[in-house]
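The structure under discussion appears below in the form of structure tokens.
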Amino acid sequence: MREYSAFALLKNALTGNTGWKEAWRKPELKASYDVIIVGGGGHGLSTAYYLAKEHGVRNIAVVEKGWIGSGNIGRNTTMIRSNYLHPQNQHFYEHSLTLWENLSQELNFNVMFSQRGVMNLAVGPAQLDDFARRGNAMRLAGIDAELLSREQVAKVIPGMDVSASARFPIYGGLMQWRGGTARHDAVAWGYARAADRLGVDIIENAEVTGFLKDGDTITGVVTKRGEIRAKKTAVVVAGSTGQVMKLAGIDRLPIESHVLQAFVTEAVKPFIHTVAAFGGGHLYFTQSDKGSLVFGGDIDGYNTWAQRGNLPVVEDVMSEFVALFPGLARVRLLRSWGGLMDMSMDGSPIIAKGPLPGMYLNTGWCYGGFKAVPASGWTFAWTIAKDEPHAFNRHFTLDRFRRGLIIDEKGQGSTPRLH
Amino acid sequence: MRITCPHCGRRDVAEFTYQGDANRLRPDPASTDQAAWNAYVYDRVNTRGPHREFWQHSGGCRAHLAVERDTATHAILSVSYARDSDTARAGRRP
Numbered sequence: 006m007r008e009y010s011a012f013a014l015l016k017n018a019l020t021g022n023t024g025w026k027e028a029w030r031k032p033e034l035k036a037s038y039d040v041i042i043v044g045g046g047g048h049g050l051s052t053a054y055y056l057a058k059e060h061g062v063r064n065i066a067v068v069e070k071g072w073i074g075s076g077n078i079g080r081n082t083t084m085i086r087s088n089y090l091h092p093q094n095q096h097f098y099e100h101s102l103t104l105w106e107n108l109s110q111e112l113n114f115n116v117m118f119s120q121r122g123v124m125n126l127a128v129g130p131a132q133l134d135d136f137a138r139r140g141n142a143m144r145l146a147g148i149d150a151e152l153l154s155r156e157q158v159a160k161v162i163p164g165m166d167v168s169a170s171a172r173f174p175i176y177g178g179l180m181q182w183r184g185g186t187a188r189h190d191a192v193a194w195g196y197a198r199a200a201d202r203l204g205v206d207i208i209e210n211a212e213v214t215g216f217l218k219d220g221d222t223i224t225g226v227v228t229k230r231g232e233i234r235a236k237k238t239a240v241v242v243a244g245s246t247g248q249v250m251k252l253a254g255i256d257r258l259p260i261e262s263h264v265l266q267a268f269v270t271e272a273v274k275p276f277i278h279t280v281a282a283f284g285g286g287h288l289y290f291t292q293s294d295k296g297s298l299v300f301g302g303d304i305d306g307y308n309t310w311a312q313r314g315n316l317p318v319v320e321d322v323m324s325e326f327v328a329l330f331p332g333l334a335r336v337r338l339l340r341s342w343g344g345l346m347d348m349s350m351d352g353s354p355i356i357a358k359g360p361l362p363g364m365y366l367n368t369g370w371c372y373g374g375f376k377a378v379p380a381s382g383w384t385f386a387w388t389i390a391k392d393e394p395h396a397f398n399r400h401f402t403l404d405r406f407r408r409g410l411i412i413d414e415k416g417q418g419s420t421p422r423l424h
Numbered sequence: 656m657r658i659t660c661p662h663c664g665r666r667d668v669a670e671f672t673y674q675g676d677a678n679r680l681r682p683d684p685a686s687t688d689q690a691a692w693n694a695y696v697y698d699r700v701n702t703r704g705p706h707r708e709f710w711q712h713s714g715g716c717r718a719h720l721a722v723e724r725d726t727a728t729h730a731i732l733s734v735s736y737a738r739d740s741d742t743a744r745a746g747r748r749p
């Protein structure tokens with residue numbers, strides 16, 4: 006299949022754009038594979054890609070319930086950062102950010118990764134102290150962080166109310182300049198195309214309806230398009246984890262599904278040049294390259310499988326945004342939508358072998374899965390290929406709750422709605 | 656989403672605070688069974704469909720409620736005082 010390049014663009018422009026091929030094949034299901042990956046979202050596709058690229062496993066099927074890009078990979082607010090406090094998270098997310106930095110070249114697909122900076126706004130001296138602590142921890146781990154004063158924040162984001170009379174006055178911010186955004190659909194398409202070029206079969210519209218078992222050992226899956234067998238079956242289905250794992254006989258997990266809403270306004274001229282998060286309530290926002298303001302807040306707060314939320318959160322998010330940017334009060338909202346979040350009990354993910362023999366599980370991304378797409382796939386592929394975790398994901402085990410080794414970034418305990 | 660509080664009537668969900676899954680049963684406080692405590696604290700059934708859960712009418716009468724809600728549709732199927740729920744009854748010891 007052809008490389009994408011400036012030359013290919015020019016050549017196709019001159020030949021009526023008849024030379025483009027579909028980005029990935031639509032293969033028929035084979036009876037068996039070396040590895041089956043259940044879930045064709047960002048994490049599943051990147052797992053397939055790194056298995057093929059880094060570990061030479063080419064005989065892989067990715068089975069997807071809908072079409073590529075139909076799940077959370079097409080529903081998120083596209084923010085990328087590695088500004089974590091705990092070392093277990095820091096090294097993992099920093100590895101992800103490093104992979105993002107070269108992803109367009111790696112995949113030969115422009116994922117529009119834009120390192121426009123990610124800032125956390127502090128709304129009090131105590132929060133600023135906390136951010137200073139987090140920034141210091143990041144710098145000790147080799148991650149970039151800069152503590153900004155209120156005046157510096159006002160320069161970076163003009164138009165924001167930084168006055169002392171604001172309801173939650175801004176005292177400063179913690180900036181990670183290497184953070185930013187990417188085009189979410191392009192990430193799905195880029196990984197799908199790159200995996201396909203290495204021989205991975207991407208099977209769309211093949212919802213998994215059951216697992217094939219030999220005793221306790223998982224030996225394959227039953228899909229709506231037929232049965233497939235494999236020595237290794239990896240489940241990476243985010244918000245649907247509970248439903249899919251029940252098919253394998255796992256009734257209880259440290260996961261609850263919640264809904265997170267996101268919002269987009271009509272396009273306005275560029276004036277927000279970074280990604281920012283406001284800790285007065287919970288609000289994060291960015292401006293897309295088209296000019297739309299993309300933003301969101303808390304999850305709705307009760308477990309749900311409906312991909313839509315309720316009005317109290319809408320009102321809460323809007324009031325926070327308008328409090329920060331009074332000038333935006335009359336900008337119209339274009340769209341809002343909801344996505345299912347696999348909320349774990351400590352706010353950190355699970356990337357591990359098990360819980361049954363022949364099975365591998367990747368879940369618990371809460372509402373921060375997008376930035377992790379490259380490293381999640383990279384470490385999950387390592388775990389599947391070598392049957393042991395990489396140093397980057399060795400803490401993300403399923404039994405850490407029982408062993409008291411939780412990674413609770415926010416210190417909220419086992420209350421998923423607060424992570 | 657609206658919840659019919661047995662004391663106050665039908666009110667917007669904004670008046671209520673979610674208090675989690677009502678299917679979990681706390682082990683006897685004297686128990687040292689680590690697996691049972693781990694299951695109580697961390698494991699969830701994460702039901703898709705009718706789900707028993709606790710809410711508090713925190714913006715109203717402050718009563719603790721046991722609610723059955725369909726997690727696929729957000730339909731509220733039944734509401735009662737939490738003290739009358741199966742979970743509360745199961746938790747009572749002679």
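Read top to bottom, the protein sequences are chains Z and V.
The opening residue of the first sequence carries number 6 in this note's numbering; numbering runs sequentially from there.
The opening residue of the second sequence carries number 656 in this note's numbering; numbering runs sequentially from there.
Heads up, the beta-carbon is just placed ideally off N, CA and C, and yes, glycines get one too.
Per DSSP, what are the beta-bridge partners of residue i in this structure?
i, result
"A357 of chain Z", "Z:L366"
"D347 of chain Z", "Z:S262, Z:C371"
"G225 of chain Z", "Z:L217, Z:R234"
"G664 of chain V", "V:C660"
"R340 of chain Z", "Z:V269"
"F709 of chain V", "V:G675, V:A721"
"S37 of chain Z", "Z:R234"
"D206 of chain Z", "Z:A66"
"Q417 of chain Z", "The partner list for Q417 of chain Z (beta bridge, DSSP) is empty, contrary to what the question assumes."
Compute the Euclidean distance between the alpha carbons of residue i and residue j, then round it to the nearest angstrom.
i, j, result
"A127 of chain Z", "D392 of chain Z", "43 Å"
"V62 of chain Z", "L56 of chain Z", "6 Å"
"G704 of chain V", "Q312 of chain Z", "14 Å"
"R748 of chain V", "S735 of chain V", "Caution is warranted here: a pLDDT of 49 is assigned to R748 of chain V, below 50, making its placement in the model unreliable, and the coordinate value is therefore given only provisionally. In a straight line, the C-alpha of R748 of chain V is about 21 Å away from that of S735 of chain V."
"M350 of chain Z", "F97 of chain Z", "19 Å"
"A677 of chain V", "E723 of chain V", "9 Å"
"F268 of chain Z", "I42 of chain Z", "31 Å"
"N308 of chain Z", "T726 of chain V", "7 Å"
"I207 of chain Z", "A718 of chain V", "52 Å"
"G664 of chain V", "H48 of chain Z", "45 Å"
"G363 of chain Z", "R744 of chain V", "41 Å"
"R230 of chain Z", "G44 of chain Z", "15 Å"
"L425 of chain Z", "A730 of chain V", "Beyond the ends of chain Z as shown, which are 6 and 424, falls residue 425 of chain Z; an answer cannot be given."
"A11 of chain Z", "N115 of chain Z", "12 Å"
"S119 of chain Z", "T82 of chain Z", "14 Å"
"E414 of chain Z", "R198 of chain Z", "35 Å"
"L298 of chain Z", "A272 of chain Z", "7 Å"
"R234 of chain Z", "N210 of chain Z", "18 Å"
"M6 of chain Z", "L108 of chain Z", "Caution applies to M6 of chain Z, whose pLDDT of 47 falls short of 50 and renders its modelled position unreliable; the value that the coordinates give is listed next. Going by the C-alpha atoms only, they are around 19 Å apart."
"N22 of chain Z", "W194 of chain Z", "19 Å"
"N141 of chain Z", "I412 of chain Z", "19 Å"
"T659 of chain V", "D698 of chain V", "29 Å"
"A225 of chain Z", "E27 of chain Z", "Residue identity check: residue 225 of chain Z is Gly in the sequence provided, not Ala. Roughly 29 Å separates the two Cα atoms."
"A691 of chain V", "H712 of chain V", "30 Å"
"Q95 of chain Z", "M348 of chain Z", "19 Å"
"Q266 of chain Z", "W370 of chain Z", "16 Å"
"R422 of chain Z", "T20 of chain Z", "54 Å"
Kindly indicate which residue of the options has the alpha-carbon position closest to the one of residue i.
i, options, result
"L403 of chain Z", "Z:S341, Z:E106, Z:T368", "Z:T368"
"M165 of chain Z", "Z:F326, Z:G344, Z:L50", "Z:F326"
"F322 of chain Z", "Z:G285, Z:E232, Z:S245", "Looking at the sequence shown, residue 322 of chain Z is not Phe but Val. The candidate whose alpha carbon is nearest that of V322 of chain Z is Z:G285."
"R738 of chain V", "V:A730, V:Y697, V:D725, V:W710", "V:W710"
"R407 of chain Z", "V:D676, V:T672, V:Q689, V:V668", "V:Q689"
"T291 of chain Z", "Z:G184, Z:A357, Z:R155", "Z:G184"
"D201 of chain Z", "Z:N113, Z:G344, Z:T20", "Z:N113"
"M117 of chain Z", "Z:I207, Z:S101, Z:H189, Z:A199", "Z:H189"
"R335 of chain Z", "Z:N81, Z:T270, Z:K251, Z:K229", "Z:T270"
"V213 of chain Z", "Z:H424, Z:R405, Z:S245, Z:W105", "Z:S245"
"L104 of chain Z", "Z:G178, Z:A66, Z:Y196, Z:M180", "Z:Y196"
"D134 of chain Z", "Z:V123, Z:K236, Z:E151, Z:R121", "Z:E151"
"G344 of chain Z", "Z:Q110, Z:A28, Z:G24, Z:G74", "Z:G74"
"K236 of chain Z", "Z:A146, Z:Y38, Z:L265", "Z:Y38"
"W29 of chain Z", "Z:G215, Z:V67, Z:T20, Z:K35", "Z:V67"
"V241 of chain Z", "Z:L217, Z:G306, Z:K358, Z:L265", "Z:K358"
"L732 of chain V", "V:H706, V:G715, V:S740, V:A669", "V:H706"
If residue i sits next to residue j, beta carbons under 8 Å apart, how far is it from one beta carbon to the other, in whole angstroms?
i, j, result
"S168 of chain Z", "G382 of chain Z", "Not quite, the Cβ-Cβ distance comes to about 44 Å (not below 8 Å), so this is no contact."
"A390 of chain Z", "H60 of chain Z", "4 Å"
"I85 of chain Z", "A191 of chain Z", "With 8 Å as the limit, I85 of chain Z and A191 of chain Z do not qualify as a contact, their Cβ atoms being about 13 Å apart."
"G177 of chain Z", "V158 of chain Z", "6 Å"
"G374 of chain Z", "N77 of chain Z", "7 Å"
What does residue i reach in chain B if we use C-beta pairs closer than 9 Å?
i, result
"F216 of chain Z", "Among the protein chains of the structure shown, namely Z and V, there is no chain B."
Please specify which runs of the beta strand (DSSP E), each continuous and at least 3 residues long, are wholly inside the segment 136 to 172 of chain Z, giving them in chain order. Listed in chain order, the complete beta strand (DSSP E) runs (minimum 3 residues) inside the segment 136 to 172 of chain Z are 151 to 154.
Alpha helix (DSSP H) runs contained entirely in the segment 240 to 314 of chain Z, provided each spans 4 or more residues: DSSP runs (the alpha helix (DSSP H)) wholly in the segment 240 to 314 of chain Z: 246 to 252.
Pick out the complete beta strand (DSSP E) segments inside the segment 64 to 139 of chain Z, 3 residues or longer, and give them in chain order. Runs of the beta strand (DSSP E) inside the segment 64 to 139 of chain Z: 65 to 68, 123 to 127.
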